[in-house]
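One structure is given here, and the rest of the page talks about it.
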Ligand code: SF4
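Numbering (the numbering used here), first residue to last: 308 to 431.
Okay, here's the thing in structure tokens:
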């Protein structure tokens, strides 16, 4: 538990330093296809900034964006709220979470989809 807490404190410090140093953006993590119909939510429990959301039963994201057909039963990460701590990745039982730059080609559109659900436009 102490090690986990130290990890999160370090991650927050790194993100804060990066922003203070003028970094244009902190990397984000992306939730991909394996989350569909699983929604384990362990990632939600460990995220230190509560930036992992679930699409509502009405098919809309928390930010009010209509989800795609067949992709409405999954979680997503708000790219501008994510601090790149990496805490969510190891707790996902279906390996649905990766850094944006490591998303496999077959699920590349899930990068834009996480942005879209968050009410943002992915610039590429
Ligand atoms: Fe939350 Fe995962 Fe981003 Fe960390 S990397 S802030 S746990 S979404």
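Every residue gets a Cβ at the ideal spot worked out from N, C-alpha and C, and that includes glycine.
Bear in mind the structure is a predicted one, so any value in this text is a computation, not a measurement.
| Beta-carbon contacts of residue 426 that lie in its chain and below 8 Å, excluding the five residues immediately before and after | Residues 368, 370, 371, 372 of the same chain have their beta carbon placed closer than 8 Å to that of residue 426, with the five preceding and five following residues left out of the count.
| request: Express the C-alpha separation of residue 404 and residue 410 in angstroms, rounding to a whole number. | output: Taking the straight line from one Cα to the other gives about 9 Å.
| said: For ligand 1, I want to know if residue 352 counts as a neighbour, meaning its beta carbon is within less than 7 Å of at least one of the ligand's heavy atoms. | reply: No, ligand 1 has no heavy atom inside 7 Å of this Cβ.
| request: Just the C-alpha distance for residue 351 and residue 419, rounded to the nearest angstrom, thanks. | output: If you take the alpha carbons of residue 351 and residue 419, they lie about 20 Å apart.
| said: Tell me the rounded alpha-carbon separation between residue 341 and residue 354. | reply: The straight-line gap separating the alpha-carbon atoms of residue 341 and residue 354 is approximately 19 Å.
| said: Tell me the DSSP secondary structure of residue 405 in three-state form. | reply: Residue state, collapsed to three classes: strand.
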